[in-house]
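First the structure, in the form of structure tokens, and then the observations on it.
There are 2 protein chains.
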Amino acid sequence: MCHVSPEPPNPRPISIYDVAKAAGVAPSTVSRAFSRPGRVNAETAERIRRIAAALGYRAHLQAGATRTGLTSVIALVVADVTNPFYNDIICAAEATAADADYTVLLVNTQGSPDIERDALERTLPMIDGIVLATSVMSDSTIRMIGKQRPVTVLNRSVSDVPSIISDNPRGMRRAVEHLAELGHHSITYAAGPEAAWSDGIRWRSLRESAKDLQLVTHRMGPFDPTFHGGESAAVELARQGTTAVITFNDRMAIGLIRRLTTLGACVPEDVSVIGFDNIFTAELVTPALTTVAAMQYAMGTVAVHNLLAVIHGAHTKTHDPTVLPSRLVVRESTAQRNRHRPQFTTTPAATPLHDK
Amino acid sequence: MCHVSPEPPNPRPISIYDVAKAAGVAPSTVSRAFSRPGRVNAETAERIRRIAAALGYRAHLQAGATRTGLTSVIALVVADVTNPFYNDIICAAEATAADADYTVLLVNTQGSPDIERDALERTLPMIDGIVLATSVMSDSTIRMIGKQRPVTVLNRSVSDVPSIISDNPRGMRRAVEHLAELGHHSITYAAGPEAAWSDGIRWRSLRESAKDLQLVTHRMGPFDPTFHGGESAAVELARQGTTAVITFNDRMAIGLIRRLTTLGACVPEDVSVIGFDNIFTAELVTPALTTVAAMQYAMGTVAVHNLLAVIHGAHTKTHDPTVLPSRLVVRESTAQRNRHRPQFTTTPAATPLHDK
DNA sequence: TTGAAAGCGCTAACAT
DNA sequence: ATGTTAGCGCTTTCAA
Chain Y
1 MCHVSPEPPN
11 PRPISIYDVA
21 KAAGVAPSTV
31 SRAFSRPGRV
41 NAETAERIRR
51 IAAALGYRAH
61 LQAGATRTGL
71 TSVIALVVAD
81 VTNPFYNDII
91 CAAEATAADA
101 DYTVLLVNTQ
111 GSPDIERDAL
121 ERTLPMIDGI
131 VLATSVMSDS
141 TIRMIGKQRP
151 VTVLNRSVSD
161 VPSIISDNPR
171 GMRRAVEHLA
181 ELGHHSITYA
191 AGPEAAWSDG
201 IRWRSLRESA
211 KDLQLVTHRM
221 GPFDPTFHGG
231 ESAAVELARQ
241 GTTAVITFND
251 RMAIGLIRRL
261 TTLGACVPED
271 VSVIGFDNIF
281 TAELVTPALT
291 TVAAMQYAMG
301 TVAVHNLLAV
311 IHGAHTKTHD
321 PTVLPSRLVV
331 RESTAQRNRH
341 RPQFTTTPAA
351 TPLHDK
Chain B
1001 MCHVSPEPPN
1011 PRPISIYDVA
1021 KAAGVAPSTV
1031 SRAFSRPGRV
1041 NAETAERIRR
1051 IAAALGYRAH
1061 LQAGATRTGL
1071 TSVIALVVAD
1081 VTNPFYNDII
1091 CAAEATAADA
1101 DYTVLLVNTQ
1111 GSPDIERDAL
1121 ERTLPMIDGI
1131 VLATSVMSDS
1141 TIRMIGKQRP
1151 VTVLNRSVSD
1161 VPSIISDNPR
1171 GMRRAVEHLA
1181 ELGHHSITYA
1191 AGPEAAWSDG
1201 IRWRSLRESA
1211 KDLQLVTHRM
1221 GPFDPTFHGG
1231 ESAAVELARQ
1241 GTTAVITFND
1251 RMAIGLIRRL
1261 TTLGACVPED
1271 VSVIGFDNIF
1281 TAELVTPALT
1291 TVAAMQYAMG
1301 TVAVHNLLAV
1311 IHGAHTKTHD
1321 PTVLPSRLVV
1331 RESTAQRNRH
1341 RPQFTTTPAA
1351 TPLHDK
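If you're matching them up, the sequences are chains Y and B in order.
Residue numbers for the first sequence, in this note's numbering: 1 to 356.
Residue numbers for the second sequence, in this note's numbering: 1001 to 1356.
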């Protein structure tokens, strides 16, 4: 019944030797016809390309890379490709790389140190450089990798490694001022993963800004930087009471608002919520989310641009991080503090949002 | 000022020769110590690994692949990594592949035939198989690639190539029944990209189901399968009037509802809307979206599972597509047809939602 | 169990 | 402008 397939699943691919023989030229000529068209007779080159196409030849760039060490591939390491925060970063990185004839290898670490290490282990030898958009590795590990391959880090400042960050202090400052103007006296920060550099800077910026404006701060967490993490934060928040919350990111803010609502609190009437990142969904939820926006597209562009510069031999003397501006986008999740209602407190009761 | 950097940006990586010399063994022994630990003295292997680690050696798998032709890498081709529809597919694919010690190479084509062709051209020689989660290539092209490398296609049925689809006809049937029960007489389909196989099957299924239930159907589009595509659909919809819409996917449905609202129509009071995919955001928007859910996680698992089977030499006799069930998730965007109001019609007036 | 040698597909020197 | 040769890092025979 089960007859043997006549063709193996992975037939040996056509090589330049096959093409060379068919065209009656030396293999190196075939190689040149593709990589250095100028250095070969125009007609010969054309004939070679025709024959190659007819034979179904595909250049095996990795093989050549064993000789040159250069692959024209760079890796973009992110914790979670499906996090909308990376949308623009990925698009920008791919566009910028494509302009320079580089390919972007997307590496999805799911926030796991093991996966990240493994993936890097596997891909490092076959790439010309790395953009670390999110990394849970230590600064010293990153610096070590930076010795082996050109590296650029995003959303994090690592000394001796080109870094691109957005102006978290300024964005946080604007968020705090906004809440102060609305009459809030105390701000709770729902923290993201401790390994996240941006979590640290955001909390520190919050504390400083709050101190300047004579506001009180609290810190909850760490939570997963996801919708569910935000839900957990809501439960904890309900126990301690507050009128204003800033979350590590928008996904958490959205989860928090959701859960808060099922717990009987109104946003923004009872509690004002501010997120970070300005993801697309922030505009879509009800109430629309007030959030600190970063320039993701620019981040992706600059990161790849700098990386390619280093690959091509640029020697940046100082490695002060490149700081991109950030701004506050005011929507509906923040409002005047409601003095007539008691501070929001309740006992956890309602069921969590059904997890699809 | 700009002193020359003492170390080149891409130092030659440590090879097995370096390790071999340091360990005082032959290179082949080092190779075996990593790839075939059983066939080398346990102590020697341990010593080699220690020395390798100390030297910072990283296996260069691509180099070995030039010999064996096997890379333990498979490609997952998607149109848009940031489309939440792929979340679970990507996660499932990576998990399933990791279980078998394979790495997933994520290829983002942005729906462009050129990028897809280019990416495939570049990566085909260095992978053991491909999962096409979205492809704009023709069936015959896919079949041709299937001759060169094991291929599995998702969300599409290609003869002679293992295909995994969800039960669109059944899902659509349930959607149409649902609308019929709510008293709607006519259903408009807002189409997605013409190149999308699932768009075709959805429209055909809609027509058949509607015919069975004696409902009238209209078709608009094609539109981009995005939020903005949905907005465009809303404008067109406003001109023609209707009480029930099914969109190609959830992102379109969300955009459509948004724009419809700014145009003065109420969802679901004036018009009922049903999407496809059940993306995470569908639950978050107001009104929450009624949608046809597919089993994305299972799709990813099955796709990779089947692919690995083919890679390991399975000979499936018939290539009938694997069909995964789909179901209707009823939320708030569908309601009883409102007989007391006139059919929704208006002139386009309001401004589109601000694009961040 | 280990070593020696050949070869994967390609590119870069060098030679013609 | 083209051919020849060596070699990239690794795996895999084949011997020892």
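Idealized CB from N, CA, C, for every residue including glycine.
- Residue 22 (chain Y) and residue 36 (chain Y) have their C-alpha atoms some 20 Å from each other.
- Here residue 219 (chain Y) carries a strand assignment [DSSP, helix/strand/coil].
- Residues of chain Y with a Cβ closer than 9 Å to the Cβ of residue 1094 (chain B) are, in chain order, 108, 110, 115.
- For residue 1293 (chain B), the three-state secondary structure derived from DSSP is strand.
- What residue 1121 (chain B) touches in chain Y, judged by beta-carbon distance under 9 Å, is 58, 59, going in chain order.
- Distance from the Cα of residue 109 (chain Y) is smallest, within the candidate group Y:132, Y:227, Y:297, for Y:132.
- Counting C-beta pairs with one atom in each stretch, the stretch 1164–1177 of chain B and the stretch 1098–1116 of chain B have fewer than three that are closer than 8 Å, which means they do not touch.
- Within its own chain, the residues whose Cβ lies closer than 6 Å to the Cβ of residue 216 (chain Y), once the five positions on either side in sequence are excluded, are 186, listed in chain order.
- Residues of the stretch 295–310 of chain Y with a C-beta less than 8 Å from any C-beta of chain B: 310, listed in chain order.
- Taking 8 Å as the cut-off, the Cβ atoms of residue 1288 (chain B) and residue 1333 (chain B) count as close.
- Between residue 1027 (chain B) and residue 1015 (chain B), the alpha-carbon positions lie close to 9 Å from each other.
- Taking 8 Å as the threshold, the shortest C-beta distance from residue 87 (chain Y) to chain B falls below it.
- Listed in chain order, the positions of the stretch 211–231 of chain Y with a beta carbon within less than 8 Å of a beta carbon of chain B are 227.
- Runs of the beta strand (DSSP E) lying entirely within the stretch 270–331 of chain Y and spanning at least 3 residues, in chain order: 272–277, 290–294, 322–324, 326–329.
- A straight-line Cα-Cα distance of about 11 Å links residue 1146 (chain B) and residue 1311 (chain B).
- Excluding the 5 residues flanking it on each side, residue 203 (chain Y) has same chain C-beta neighbours closer than 7 Å at 189, 191, 219, in chain order.
- Residue contact with chain B for residue 130 (chain Y): absent (no Cβ-Cβ distance below 8 Å to any residue of chain B).
- Its chain contains 124 as the residues whose beta carbon lies nearer than 8 Å to that of residue 148 (chain Y), once the 5 sequence neighbours on both sides are disregarded; these appear in chain order.
- For residue 42 (chain Y), the closest Cβ of chain B is not nearer than 8 Å.
- Against chain B, the beta carbon of residue 274 (chain Y) has no neighbour under 8 Å; the closest one sits roughly 16 Å away.
- Taken in chain order, the members of the stretch 1278–1293 of chain B whose beta-carbon sits within less than 8 Å of a beta-carbon on chain Y are 1278, 1280, 1281, 1283, 1284, 1285, 1286, 1293.
- The Cβ of residue 234 (chain Y) sits no closer than 8 Å to any Cβ of chain B.
- Against chain Y, the CB of residue 1081 (chain B) has a partner CB under 8 Å away; the residue lies at that interface.
- Excluding residues up to 5 positions away in sequence, 1088, 1092 lie with their Cβ nearer than 6 Å to the Cβ of residue 1297 (chain B) in the same chain.
- Look at the stretch 237–267 of chain Y: the residues with a C-beta under 8 Å from a C-beta of chain B are 254, 258.
- With contacts defined by Cβ atoms closer than 8 Å, residue 231 (chain Y) and residue 258 (chain Y) form a contacting pair.
- Along the length of the stretch 1141–1187 of chain B, whole alpha helix (DSSP H) runs at least 4 residues long occupy 1168–1181, reported in chain order.
- Against chain Y, the beta carbon of residue 1154 (chain B) has no neighbour under 9 Å; the closest one sits roughly 16 Å away.
- If you draw a straight line from the Cα of residue 206 (chain Y) to the Cα of residue 107 (chain Y), it is about 32 Å long.
- Between residue 20 (chain Y) and chain B, the shortest Cβ-Cβ separation is not below 8 Å.
- From the beta-carbon of residue 175 (chain Y), no residue of chain B is found nearer than 7 Å; the closest lies around 17 Å away.
- Below the 9 Å Cβ cutoff, chain Y contributes 13, 58, 59, 60, 61, 62, 63 as neighbours of residue 1125 (chain B), in chain order.
- The Cβ atoms of residue 1274 (chain B) and residue 1196 (chain B) do not sit closer than 8 Å to each other.
- In this structure, the beta-carbon distance from residue 1072 (chain B) to residue 1101 (chain B) falls below 8 Å.
- Residue 157 (chain Y) and residue 321 (chain Y) do touch by the CB rule: their CB atoms are close to 4 Å apart, below 8 Å.
- Note: residue 1107 (chain B) is bridge-paired with B:1077 in the DSSP secondary-structure output.
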